[in-house]
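Numbering (the numbering used here), first residue to last: 28 to 317.
Take a look at the structure:
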């Protein structure tokens with residue numbers, strides 16, 4: 028009898044948990060009435076809807092330009108923030124003062140926005156900055172987005188730390204800065220993992236290495252187009268250090284002092300980086316290894 032009662036209570040609990048998931052709305056013209064579950068009552072900021080959400084919720088954002096006065100923080104919530112009308116007309120603007128998004132768990136997703144003018148804060152030792160547009164810190168997915176005109180030392184456009192996915196995005200015209208000449212990843216920077224798929228990366232610059240994409244200790248890129256990126260030192264298109272792989276991609280028109288298209292670096296204690304089934308052409312490296 029006790030077993031059946033436990034099973035019944037577990038079933039009711041799971042149903043109750045599932046019932047908590049909801050669609051919450053965001054609109055610049057919304058009524059801003061909690062819990063924001065109808066278009067008329069929509070929150071007027073994305074952060075307000077995230078704060079009201081629970082795991083599994085979908086936050087649907089109407090077209091418009093959402094200018095930020097602070098970064099949008101998912102915290103540890105596994106929610107989806109998605110545009111209603113697509114990335115061309117749904118814009119999140121950091122105003123060159125704030126990072127645009129930070130996720131911290133694998134179930135978080137950002138889908139269908141133009142993310143622009145993000146500026147990462149100096150967070151590591153009060154000096155280095157990570158992820159000007161988006162920082163996926165421990166997980167999260169960026170999908171169907173344009174990430175442009177953002178700034179950070181590492182991952183000016185996007186930074187993936189440990190886990191995270193970038194899929195079907197355009198990452199362009201982001202600027203990697205540097206405190207000591209070691210900035211990396213003008214477009215995307217991954218550390219200890221991360222997946223990049225079906226993404227176009229162009230027009231980005233890094234003050235150190237990896238003008239387009241930089242991998243440090245694993246991470247992968249597949250079916251990507253990487254062109255017209257610039258790094259001051261190593262790997263104009265792609266830089267892989269102690270791991271990282273790129274496959275089935277086209278890398279062209281990039282420039283760096285060494286490794287204009289791609290630079291693979293392996294230390295004796297690190298993982299072995301790799302490139303396979305890629306077309307690499309018309310890159311420039313004044314000091315060799317184009």
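Even glycine gets a Cβ: it sits at the ideal position worked out from N, Cα and C.
Simplified DSSP state of residue i, which is helix, strand or coil
i: residue 207; result: coil
i: residue 124; result: coil
i: residue 275; result: coil
i: residue 269; result: coil
i: residue 258; result: strand
i: residue 225; result: coil
i: residue 67; result: helix
i: residue 91; result: strand
i: residue 299; result: coil
i: residue 146; result: strand
Pair within 8 Å by beta-carbon distance, residue i and residue j
i: residue 144; j: residue 180; result: no
i: residue 255; j: residue 280; result: yes
i: residue 104; j: residue 60; result: no
i: residue 73; j: residue 85; result: no
i: residue 163; j: residue 187; result: yes
i: residue 223; j: residue 251; result: yes
i: residue 269; j: residue 243; result: yes
i: residue 117; j: residue 140; result: yes
i: residue 216; j: residue 241; result: yes
i: residue 166; j: residue 218; result: no
i: residue 198; j: residue 154; result: no
N- and C-terminal bounds of the alpha helix (DSSP H) containing residue i
i: residue 76; result: 73 to 79
Whole-angstrom C-beta distance between residue j and residue i, which should lie under 8 Å
i: residue 239; j: residue 264; result: 5 Å
i: residue 101; j: residue 49; result: That pair is no contact at about 16 Å.
i: residue 232; j: residue 202; result: 5 Å
Residue i: first and last residue of the uninterrupted beta strand (DSSP E) it sits in
i: residue 243; result: 240 to 243
i: residue 164; result: 161 to 164
i: residue 291; result: 289 to 292
Would you mind listing the beta strand (DSSP E) stretches within the region 180 to 204 that are 3+ residues and don't spill past its ends, in chain order?
-> The DSSP assignment places 185 to 188, 192 to 194, 197 to 199 as complete runs of the beta strand (DSSP E) inside the region 180 to 204, in order along the chain (cut-off: 3 residues).
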